[in-house]
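Structure, as structure tokens:
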Amino acid sequence: MRFHYQTLSAVLASLVFSTASAGYCRVGDMWPDMHDCHNFFECAAGGIPVLKTCGPGTAYCPETRICDYEEKIPFCSHKGWGGHVAPKGH
Numbered sequence: 001m002r003f004h005y006q007t008l009s010a011v012l013a014s015l016v017f018s019t020a021s022a023g024y025c026r027v028g029d030m031w032p033d034m035h036d037c038h039n040f041f042e043c044a045a046g047g048i049p050v051l052k053t054c055g056p057g058t059a060y061c062p063e064t065r066i067c068d069y070e071e072k073i074p075f076c077s078h079k080g081w082g083g084h085v086a087p088k089g090h
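Following the UniProt record's numbering from start to finish, the sequence shown increments by one per residue and tops out at 90.
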């Protein structure tokens with residue numbers, strides 16, 4: 001019985017480790033921050049999402065996957081995706 005428990009523990013530990021090291025996203029993928037259209041996420045090495053911010057007066061455009069002038073992005077004019085006002089400085 002003890003052998004089965006140790007074997008099961010080792011198998012479960014290896015599954016948890018391999019899942020954790022697999023990452024959370026595909027490297028190079030980009031997607032908008034649903035709370036602030038001035039931000040977006042980019043998947044970095046290791047599958048880790050990294051929050052990035054567009055420069056002043058620009059917002060992330062998911063269609064082109066670049067930061068563009070706010071005026072060109074109809075759903076973002078000093079506001080987040082849900083219509084929330086962005087913090088000062090954005």
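Ideal placement from N, C-alpha and C gives every residue a C-beta, glycine not left out.
From the options, residue whose alpha carbon lies closest to that of residue i
i	options	result
residue 27	45, 41, 67, 35	45
residue 55	62, 63, 39	39
Extent of the continuous beta strand (DSSP E) run through residue i
i	result
residue 34	No beta strand (DSSP E) contains residue 34, which DSSP labels as neither H nor E.
residue 60	58-61
residue 67	66-69
For residue i, the residue or residues it bridges with in DSSP
i	result
residue 48	44
Beta-carbon proximity list for residue i, same chain, < 6 Å, skipping 5 on both sides
i	result
residue 59	37, 38, 70, 73, 76
Close Cβ partners of residue i (< 7 Å) along its chain, the five nearest in sequence each way excluded
i	result
residue 53	38, 39
residue 49	24, 25, 41, 43
residue 29	43
residue 57	69, 70
residue 32	40, 60, 62, 81
residue 65	30
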